[in-house]
Amino acid sequence: EITLGILLLVYPQQAENIIKDGMLNTFKKYGTDDPSLDTTIDSMQHDLECCGVNNYTDWKNINWGNG
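In our numbering, the protein residues as written are 7 to 73.
Here's what the structure looks like:
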């Protein structure tokens, strides 16, 4: 944890990019075969009062499942 904290302080932009890329990749799995992932993303979006990682356009190319 300490090492991660130091890396975040020393390389904040790179850390932000890595986190955003990871979140965008996770969003691409939305609506697939993992209902718990969908619930987690829904809760995060609701609790943080946000839409997407950067903005609403992050949802543009998301697979919305079979329904």
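We treat Cβ as the ideally placed atom computed from N, Cα and C, and that holds for glycine.
(request) Let me know the secondary structure DSSP gives residue 7 once reduced to three states. (result) Stepping through the sequence shown from its first residue, residue 7 is reached at position 1. Residue 7 falls in the coil class under three-state DSSP.
(message) To test your reading of the DSSP string, which unbroken alpha helix (DSSP H) runs of 4 or more residues are found completely within the stretch 19-55?
(response) DSSP runs (the alpha helix (DSSP H)) wholly in the stretch 19-55: 41-53.
(message) Distance check for residue 55 and residue 33, CA to CA, integer angstroms please.
(response) Reading the sequence shown from its first residue, position 27 is the one you call residue 33. Reading the sequence shown from its first residue, position 49 is the one you call residue 55. If you draw a straight line from the Cα of residue 33 to the Cα of residue 55, it is about 16 angstroms long.
(request) Give the DSSP-derived three-state secondary structure of residue 68 in the structure shown. (result) Here residue 68 refers to the residue found at position 62 of the sequence shown. Of the three classes helix, strand and coil, the one that applies to residue 68 here is coil, per DSSP.
(request) Note down, in chain order, each residue of its chain lying with its Cβ closer than 6 angstroms to the Cβ of residue 58, except the 5 sequence neighbours on either side. (result) The residue labelled residue 58 in the question sits at position 52 within the sequence shown. 64 and 65, listed in sequence order.
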